[in-house]
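In the numbering used here, the protein residues as written are 9 to 375.
Ideal placement from N, C-alpha and C gives every residue a C-beta, glycine not left out.
Below is one structure; the comments refer to it alone.
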């Protein structure tokens, strides 16, 4: 009798595994990642710049651009690659002043875009433009503040400030630099920084306050962390000294996200508040983290593939026929006022939401 039970388990398990895998590959018309990715990516080609402080290419635009470029590569869309390169070309000449300066975590992240473009095109000038953004993140300027110097003396970037969104801004440029150079220092920097942020900021339930003095689980803030730790784990060697602790922090967070996913399939502007409104940008970041975790084997397929699929199916209806994502929270600074998060404006087509949708698309398309 025991042998029969074992046989049945062995028979059923491959079917369950196949079913879990199909959950992230088999989508009905209107929900296929190729369709959604194309609509959102081509929207960017003629869109206006979204500037930081009215001066430099912002991080939402940078990540939207990078997501579209990667989508074009994954789908072998040479036309889109050409259009995106054409849009970038003025940054070498007439729009050169829009290149972010290299003195802040929200500006140095720009280097991730030309580094990605170099990987796809092999054009050396993209490498030469992007790499200094990764390098200067650890090069302490002469006018650095004492606190910034203290962080650098401990081996961290002088741009450390213990804001959870830093864990995407720092991780994305350092991992891209590692990919193009193979220099271990880049990935080691990102890992050490991530280990610090996890130790200092992750709460017992796996989530993160917007800031130590703002005890609210703001969705997109947590989304930046989820996407950043995911991006790092994609490339961090498993024998790295911080790999196990970072993986533990990631899995702890994913377990909490599974718990707080609302009935519709996405997450609320304040994650643990059932009466708060569903928000798309942070939800897409979570979905990217879940899809990637399932496909890389970091998460149990049977438990988490349905969560990721449910989220994707819930996210797609927020994209209109022109590729604009709705219910996106605008840029949000911290504030120790719960109602402040309930009342944040929502903007359709905001680049904060466009980019994470493409991360999901690309994660679904990657083999």
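Looking only at its own chain, which residues have a Cβ that is under 8 Å from the Cβ of residue i, when we skip the five neighbours before and after it?
{"i": "residue 39", "result": "320, 321 and 324"}
{"i": "residue 146", "result": "160, 165, 166 and 197"}
{"i": "residue 254", "result": "199, 202, 203, 206, 237, 240, 241 and 244"}
{"i": "residue 134", "result": "122, 123, 125 and 126"}
Can you tell me which of the options puts its alpha carbon nearest to the alpha carbon of residue i?
{"i": "residue 315", "options": "267, 97 and 345", "result": "267"}
{"i": "residue 183", "options": "281, 168, 174 and 199", "result": "199"}
{"i": "residue 209", "options": "224, 196, 195 and 197", "result": "224"}
{"i": "residue 241", "options": "276, 275 and 176", "result": "176"}
{"i": "residue 378", "options": "142, 127 and 86", "result": "Summary: the structure shown does not reach residue 378, with the chain confined to residues 9 through 375, and so no result is reported for it."}
{"i": "residue 55", "options": "96, 354 and 32", "result": "96"}
{"i": "residue 218", "options": "110, 170 and 179", "result": "170"}
{"i": "residue 347", "options": "222, 78, 138 and 115", "result": "222"}
{"i": "residue 188", "options": "243, 32, 329 and 278", "result": "243"}
{"i": "residue 280", "options": "350, 233, 81 and 246", "result": "350"}
Any idea which residues DSSP pairs residue i with across the strands?
{"i": "residue 59", "result": "65"}
{"i": "residue 210", "result": "216"}
{"i": "residue 278", "result": "226"}
{"i": "residue 354", "result": "337"}
{"i": "residue 98", "result": "Residue 98 pairs with nothing; no bridge assigned."}
{"i": "residue 122", "result": "Answer is none; residue 122 lacks a bridge partner."}
{"i": "residue 286", "result": "276"}
Near residue i, what residues of its chain come up, given a Cβ to Cβ distance below 7 Å and the 5 sequence neighbours on each side ignored?
{"i": "residue 75", "result": "363, 366, 367 and 370"}
{"i": "residue 28", "result": "309, 310 and 313"}
Tell me which residues share the same chain as residue i and place their Cβ nearer than 6 Å to its Cβ, disregarding the 5 neighbours each side in the sequence.
{"i": "residue 42", "result": "none"}
{"i": "residue 357", "result": "332"}
{"i": "residue 130", "result": "none"}
{"i": "residue 67", "result": "114 and 117"}
{"i": "residue 121", "result": "70, 73 and 74"}
{"i": "residue 138", "result": "119, 122 and 123"}
{"i": "residue 282", "result": "none"}
Should residue i be flagged as near chain D, meaning a C-beta pair shorter than 8 Å?
{"i": "residue 203", "result": "No chain D is part of this structure, which consists of one protein chain only."}
**Prompt:** What are the complete alpha helix (DSSP H) segments, minimum 4 residues, inside the stretch 297 to 347?
**Reply:** Listed in chain order, the complete alpha helix (DSSP H) runs (minimum 4 residues) inside the stretch 297 to 347 are 309 to 323.
**Request:** Please list the segments of the beta strand (DSSP E) lying wholly inside the stretch 151 to 191, counting only runs of 3 or more residues, in order along the chain.
**Result:** Within the stretch 151 to 191, no run of beta strand (DSSP E) reaches 3 residues while sitting entirely inside it.
**Message:** Within 8 Å, do at least three Cβ pairs link the stretch 98 to 111 to the stretch 48 to 56?
**Reply:** Touching, no, given that fewer than three Cβ pairs across the two stretches are closer than 8 Å.
**Contained alpha helix (DSSP H) runs [length at least 4] in the stretch 225 to 273, N- to C-terminal order** = As for any alpha helix (DSSP H) of minimum length 4 sitting wholly inside the stretch 225 to 273, the runs are 227 to 243 and 251 to 268, ordered along the chain.
**Message:** Would the stretch 56 to 64 count as touching the stretch 333 to 340 if we require 3 or more Cβ pairs under 8 Å?
**Reply:** They do not touch, by the three-pair rule.
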